[in-house]
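If you're matching them up, the sequences are chains A and B in order. For what it's worth, our numbering labels the leading residue of the first sequence as 1, then goes sequentially. For what it's worth, our numbering labels the leading residue of the second sequence as 261, then goes sequentially. Even for Gly, the Cβ is constructed at its ideal location relative to N, Cα and C. It should be emphasised that the depicted structure is a prediction, and the values quoted were computed from it without experimental measurement. Heads up: the structure comes next, in structure tokens.
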Amino acid sequence: MAKSDDGIRILQGLLVFGNVVIGMCGIALTAECIFFVSDPHGLYPLLEATENDDIYAAAWIGIFVGFALFALSILGIVGVIKSNRTLLLVYIILMLITYAFEMASCITAATHRDFLTPNLFLKQMLERYQKSEPDNNNDKWMTEGVTKTWDKLMLQNQCCGVRGPSDWQEYTSAFRITNNDADFPWPHNCCVMDARGSPVNLDGCKLGVPGYYNSNGCYDAISGPMNTHAWGVAWFGFAILCWTFCVLLGTMFYWSRTEY
Amino acid sequence: MELPWVLLALAGTGAAAGLGDSPRGDGAEGDGGSEGLQSLFLGGLSLLPYVPRVPPAALPGKLTATTFALERPCCVFDRHVDASDAVWLVVAFANASAAFRNPPSRAEVPLYEQLPTACSYMTLETAAATYACSAASPAVLRVGGDTACGGQGGRDPCNGPLPSPGPYRVKFLVMGCHGPKAETRWSDPILLRRGTGGTAVPPRVPRICPAVVLASLRTPHPLLVSPCSVKVGGSLCRRDSGTSTFAHRSYRTHHIPPALRQPLPPGCVCSPPGLGCFAHPPPAPCPVK
Chain A
1 MAKSDDGIRI LQGLLVFGNV VIGMCGIALT AECIFFVSDP HGLYPLLEAT
51 ENDDIYAAAW IGIFVGFALF ALSILGIVGV IKSNRTLLLV YIILMLITYA
101 FEMASCITAA THRDFLTPNL FLKQMLERYQ KSEPDNNNDK WMTEGVTKTW
151 DKLMLQNQCC GVRGPSDWQE YTSAFRITNN DADFPWPHNC CVMDARGSPV
201 NLDGCKLGVP GYYNSNGCYD AISGPMNTHA WGVAWFGFAI LCWTFCVLLG
251 TMFYWSRTEY
Chain B
261 MELPWVLLAL AGTGAAAGLG DSPRGDGAEG DGGSEGLQSL FLGGLSLLPY
311 VPRVPPAALP GKLTATTFAL ERPCCVFDRH VDASDAVWLV VAFANASAAF
361 RNPPSRAEVP LYEQLPTACS YMTLETAAAT YACSAASPAV LRVGGDTACG
411 GQGGRDPCNG PLPSPGPYRV KFLVMGCHGP KAETRWSDPI LLRRGTGGTA
461 VPPRVPRICP AVVLASLRTP HPLLVSPCSV KVGGSLCRRD SGTSTFAHRS
511 YRTHHIPPAL RQPLPPGCVC SPPGLGCFAH PPPAPCPVK
């Protein structure tokens, strides 16, 4: 009896510890997903225009899952300490539902990261940047978002195009329809700007003289934050799921050993 | 007594026949007498061995869909021009360059607006002093960079954007008061870029016309960029490698104003309209016809 009592006490202690960790991780997951959803780099319009912003959906799910994990962990601690079968049953069922949601969110974030390739953003940039005649309101909204985002990206990161300014020369684009090639071989935001926001040397920029235009592409500035976002949601979520799996198994075992 | 003159005439004709094939070496130092004599027979047109070319430096903008850049000829025209001469750039479709005929006077220069019909034009009219060894100037010329001119029906030369990807061939032509005085060789064919894929429909390519000469005229401005440095006793400017030219020198180009027409200051005679007068001595007046 003493041994099984000791065993039960140890199991209770472990389950309480496990639930405390789940609660803290839940809060951390909520905070991380709120950070990603707030879009500190301003890249959401690019994802929105691809009509596949699933990594944002994954982050939204992560917010609610994190909060649910926190609440459920408290329920679990109470249930374990009181050895209440009903409470533990409720805990197990709700935790399984939360587990399923978090699994969906992680898999979405992990697989959609592969969707974010340079060609995707190149095609979008060529089709939408400074497009003059949108088809409908939705198209207009997306076009404005893409144009503003690219303008801001090129200015702040001192970059041009996805792979470089030659993107604007090698491919036809909506930009080329409204801007003649002689004056705008690439957008003027690709030029090195002075303090007042006008190009230091416009002719040098048009010719591509080093020092007067931005020669590197913006793909790193886009993919860096997006990859961090996707990986952060996916892998932290997987880590929490692994831990939760163990705690759930322990709780089910404990539940089977208690009596009403 | 007539025999020497007959022999001279035969020599001149022989030289003229060989002129189209090989460049007449302008390195014939101290040969001013025979040069003058030959030019007398050849109508006064010297063929310089300089070949215009696109700058070898890695500039992404040197070839775009409607413009291209050329290396600035340095110290090429010094021995063949006077103060009143203008250097024009002739641009022609590559298959039309052989049929191009130099215009006999400035009034008959084919202009940018005639490109679709004549398949060539002349622009970038520049005072010859701008290409002198001692002149400070940008290291490249940009052909097609002026979008504000053209279509006005004026006689001012226009450096407008090229309507099709080409290929084009260019040469420099020195025009004096009495007509062309010197020309360089034709460049290699220059093919412009054409965007592919993407989204938009590629621009329509106009019909290729027979050989027409394009002269691109650039209004010179006293902008100092990279001065030509002349080797002692040499006739070529010292050239750095393409990239270092831009990496180590400050590159300040001049903004070409949209309005080419400028009022001629008094005392500038025989200077093309829009050229203006600068620190160089005013061009010598042409004899009144």
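Alpha-carbon to alpha-carbon, residue j and residue i
i: Gly150 of chain A; j: Ile92 of chain A; result: Here residue 150 of chain A is Trp; the residue named in the question, Gly, does not match the sequence. Each residue's alpha carbon lies about 48 Å from the other.
i: Tyr219 of chain A; j: Cys25 of chain A; result: 32 Å
i: Arg339 of chain B; j: Trp446 of chain B; result: 20 Å
i: Leu89 of chain A; j: Ile74 of chain A; result: 14 Å
i: Tyr212 of chain A; j: Gly164 of chain A; result: 14 Å
i: Asp203 of chain A; j: Ala329 of chain B; result: 12 Å
i: Pro225 of chain A; j: Phe115 of chain A; result: 14 Å
i: Gly455 of chain B; j: Ser424 of chain B; result: 12 Å
i: Ser344 of chain B; j: His438 of chain B; result: 11 Å
i: Arg332 of chain B; j: Ala387 of chain B; result: 13 Å
i: Cys335 of chain B; j: Ala317 of chain B; result: 20 Å
i: Arg196 of chain A; j: Val146 of chain A; result: 24 Å
Whole-Å CB distance - residue i paired with residue j, under 8 Å assumed
i: Pro199 of chain A; j: Val209 of chain A; result: Contact flag wrong, Cβ pair sits at about 12 Å.
i: Leu349 of chain B; j: Thr383 of chain B; result: 6 Å
i: Cys190 of chain A; j: Met154 of chain A; result: 6 Å
i: Thr326 of chain B; j: Leu451 of chain B; result: So it is not a contact: roughly 13 Å between Cβ atoms.
i: Val16 of chain A; j: Ile107 of chain A; result: With 8 Å as the limit, Val16 of chain A and Ile107 of chain A do not qualify as a contact, their Cβ atoms being about 30 Å apart.
i: Val440 of chain B; j: Leu319 of chain B; result: Correcting the residue identity first, residue 440 of chain B is Pro in this sequence and not Val. About 31 Å separates the two Cβ atoms, so there is no contact after all.
i: Gly62 of chain A; j: Ser105 of chain A; result: 5 Å
i: Met435 of chain B; j: Arg361 of chain B; result: Not a contact, Cβ separation roughly 13 Å.
Listed by chain order, chain A residues near residue i by CB distance under 8 Å
i: Arg402 of chain B; result: Asp203, Lys206, Leu207
i: Pro421 of chain B; result: Asn180, Asp181, Ala182
i: Ala329 of chain B; result: Leu207
Neighbouring residues, chain B, relative to residue i (Cβ below 8 Å)
i: Lys143 of chain A; result: Looking at the sequence provided, one finds Thr at residue 143 of chain A rather than Lys. In chain order: nothing, as chain B lies at least about 12 Å away.
Which of helix, strand or coil DSSP assigns to residue i
i: Val200 of chain A; result: coil
i: Thr386 of chain B; result: strand
i: Cys191 of chain A; result: strand
i: Glu443 of chain B; result: strand
i: Thr456 of chain B; result: strand
i: Val221 of chain B; result: An answer regarding residue 221 of chain B cannot be provided, because it is not within the stretch 261 to 549 covered by chain B.
i: Leu319 of chain B; result: coil
i: Lys131 of chain A; result: coil
i: Trp255 of chain A; result: helix
i: Gly436 of chain B; result: strand
i: Ala343 of chain B; result: coil
i: Ala352 of chain B; result: strand
i: Asp291 of chain B; result: Confidence at Asp291 of chain B is low in this model, with a pLDDT of 42, below 50, so its placement is unreliable and no value can be given for it.
i: Ser394 of chain B; result: coil
i: Phe328 of chain B; result: strand
i: Arg361 of chain B; result: coil
i: Leu307 of chain B; result: strand
Chain A residues whose Cβ lies nearer than 7 Å to that of residue i
i: Thr407 of chain B; result: Asn180, Ala182, Asp183
Proximal chain B residues relative to residue i, where beta-carbon distance stays under 7 Å
i: Pro118 of chain A; result: The contacting residues do not exist; Pro118 of chain A stays about 14 Å from chain B at best.
i: Ser166 of chain A; result: Pro320
Contact list for residue i against chain B, beta-carbon separation under 9 Å
i: Gln169 of chain A; result: Pro320, Gly321, Leu323, Thr324, Ala325, Arg453, Gly455
- Touching by the beta-carbon criterion (3+ pairs, under 8 Å), the stretch 416 to 430 of chain B and the stretch 80 to 98 of chain A: No: fewer than three Cβ pairs fall under 8 Å.
- Stretch pair the stretch 40 to 60 of chain A + the stretch 2 to 22 of chain A: three plus CB contacts closer than 8 Å: Per the Cβ contact rule, the stretch 40 to 60 of chain A is not in contact with the stretch 2 to 22 of chain A (fewer than 3 Cβ pairs under 8 Å).
- Query: Just checking, does the stretch 361 to 374 of chain B make contact with the stretch 160 to 176 of chain A on the three C-beta pairs under 8 Å criterion?
  - Reply: They do not touch, by the three-pair rule.
- Message: Under 8 Å, with one C-beta from each stretch per pair, do the stretch 140 to 148 of chain A and the stretch 47 to 63 of chain A reach the 3-pair mark?
- Response: The stretch 140 to 148 of chain A and the stretch 47 to 63 of chain A touch, with no fewer than 3 CB-CB distances between them shorter than 8 Å.
- Between the stretch 434 to 449 of chain B and the stretch 397 to 406 of chain B, do at least 3 Cβ pairs fall closer than 8 Å? No, because fewer than three Cβ pairs between the stretch 434 to 449 of chain B and the stretch 397 to 406 of chain B fall closer than 8 Å, the two stretches do not touch.
- Task: Could you say if the stretch 30 to 38 of chain A and the stretch 246 to 260 of chain A meet the contact criterion of at least three C-beta pairs nearer than 8 Å?
- Result: Output reads no: the stretch 246 to 260 of chain A does not touch the stretch 30 to 38 of chain A.
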